[in-house]
Amino acid sequence: MQECQAIYGLRDDLLLCGTKEAALRGADALLICTEWKSFRAPSFDALKDALTTPVIFDGRNLYDPKVIARYGIEYFSIGRLAA
Numbered sequence: 000m001q002e003c004q005a006i007y008g009l010r011d012d013l014l015l016c017g018t019k020e021a022a023l024r025g026a027d028a029l030l031i032c033t034e035w036k037s038f039r040a041p042s043f044d045a046l047k048d049a050l051t052t053p054v055i056f057d058g059r060n061l062y063d064p065k066v067i068a069r070y071g072i073e074y075f076s077i078g079r080l081a082a
């Protein structure tokens with residue numbers, strides 16, 4: 000985070016968060032662009048509560064669409080064939 004702030008400085012159009020949970024709070028959606036282990040098993044209940052609109056755009060296909068549906072989260076799995 001410090002490296003990002005050093006590059007971009009303090010800006011009104013950029014919000015840096017110390018945790019992934021803090022980044023979700025009040026966000027309109029979650030876009031997944033990484034396969035990092037820390038993102039593979041989130042608390043979907045907490046994720047749904049934190050987002051203003053419970054929607055995930057998953058560019059790495061980390062989650063099972065059937066599991067996500069049980070939590071009432073809209074899920075777009077990018078690049079995966081529709082079942």
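Numbering follows numbering that gives the first Met the number 0, in which position 77 of the sequence shown is assigned residue number 76; successive positions increment by one, without gaps.
All residues carry an ideal CB built from backbone N, CA and C; glycine is no exception.
Alpha carbon of residue i to alpha carbon of residue j, nearest angstrom
i	j	result
LEU13	TRP35	23 Å
ASP63	LEU46	15 Å
GLY86	ARG24	In the structure as shown, the chain starts at 0 and stops at 82, and residue 86 therefore has no counterpart that could be examined.
SER42	ILE67	11 Å
GLN1	THR18	13 Å
GLY8	LEU15	10 Å
GLN4	ALA22	15 Å
ALA28	THR51	7 Å
THR33	LEU80	19 Å
Residue i vs residue j beta-carbon contact at 8 Å
i	j	result
GLU20	ALA40	no
ILE55	PHE38	no
ARG69	ILE31	no
Residue interval of the alpha helix (DSSP H) (run including residue i)
i	result
PHE43	43 to 49
ILE67	64 to 69
GLU34	Neither: GLU34 is in no alpha helix (DSSP H) and is coded neither H nor E.
Classification of residue i by the beta-carbon crowding that lies within 10 angstroms, buried from 16 upward
i	result
LEU11	As written in the sequence, residue 11 is Asp, which differs from the Leu given in the question. Label assigned to ASP11: exposed.
ASP57	buried
ILE72	buried
Residue range of the unbroken beta strand (DSSP E) whose run includes residue i
i	result
ILE55	54 to 57
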